[in-house]
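Residue numbers (our numbering): 6 to 147.
Note that beta-carbon positions come from the ideal geometry of N, C-alpha and C, so glycine has one too.
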């Protein structure tokens with residue numbers, strides 16, 4: 006599942022929608038809830054699910070009881086990517102800021118993910134990046 010998720014995200018970042026479809030088909034064969042959620046990412050990236058429906062699914066994952074901050078941060082990362090891919094930068098920035106306020110430590114993702122290119126010039130991105138960088142530096146200096 007982890008390899009399939011990475012493949013799906015990379016394909017979506019590059020705009021390789023044929024590969025996103027193949028990933029979704031493979032995910033649909035997995036009966037787990039996580040596979041269903043990730044398949045929704047694929048369908049939304051393909052434009053087959055509305056932004057609102059995708060956000061409702063992602064927000065539902067975030068509001069489940071007993072969601073730890075690392076998992077919530079990852080869900081927000083997926084949501085930020087997806088909203089950028091769908092051309093909704095305001096929503097993407099909201100998710101990115103939420104991830105930064107939680108437990109995000111993936112500074113390389115913030116700096117290099119092609120899907121996030123529209124966000125890097127947005128007001129609020131630099132502050133979110135500063136929070137993540139501060140968290141990363143605290144980890145490495147401990």
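Return the chain-ordered list of same chain residues with a C-beta closer than 6 Å to the C-beta of residue i, the five sequence neighbours on each side being excluded.
i, result
"residue 130", "124"
"residue 133", "101, 102 and 105"
"residue 14", "none"
"residue 86", "120"
"residue 141", "110 and 112"
"residue 77", "67 and 107"
"residue 82", "104"
Considering just the uninterrupted stretch of the alpha helix (DSSP H) at residue i, what are its terminal residues?
i, result
"residue 144", "130 to 146"
"residue 30", "22 to 32"
"residue 127", "Counting along the chain, residue 127 falls outside any alpha helix (DSSP H), and DSSP gives it neither H nor E."
"residue 118", "Element bounds for residue 118: n/a, residue is neither H nor E."
"residue 106", "94 to 107"
"residue 10", "7 to 19"
"residue 53", "Segment: none, residue 53 is in no alpha helix (DSSP H) and carries neither H nor E."
Output needed for residue i: all residues of its chain with C-beta closer than 8 Å, excluding positions within five of it in sequence on either side, in chain order.
i, result
"residue 56", "49, 88, 91, 93 and 96"
"residue 127", "94 and 98"
"residue 25", "13, 16, 17, 47, 50 and 51"
Excluding the five sequence neighbours on either side, which residues of its own chain have a C-beta within less than 7 Å of the C-beta of residue i, listed in chain order?
i, result
"residue 115", "121, 134 and 137"
"residue 9", "28, 31 and 32"
Since I believe residue j is in contact with residue i (beta carbons under 8 Å), could you give me their beta-carbon distance rounded to a whole number of angstroms?
i, j, result
"residue 39", "residue 79", "That pair is no contact at about 11 Å."
*Evaluate contact between the stretch 27 to 37 and the stretch 61 to 77, counting only Cβ atoms and requiring at least three cross-stretch pairs below 8 Å.*
Counting Cβ pairs under 8 Å, fewer than three are found: no touch.
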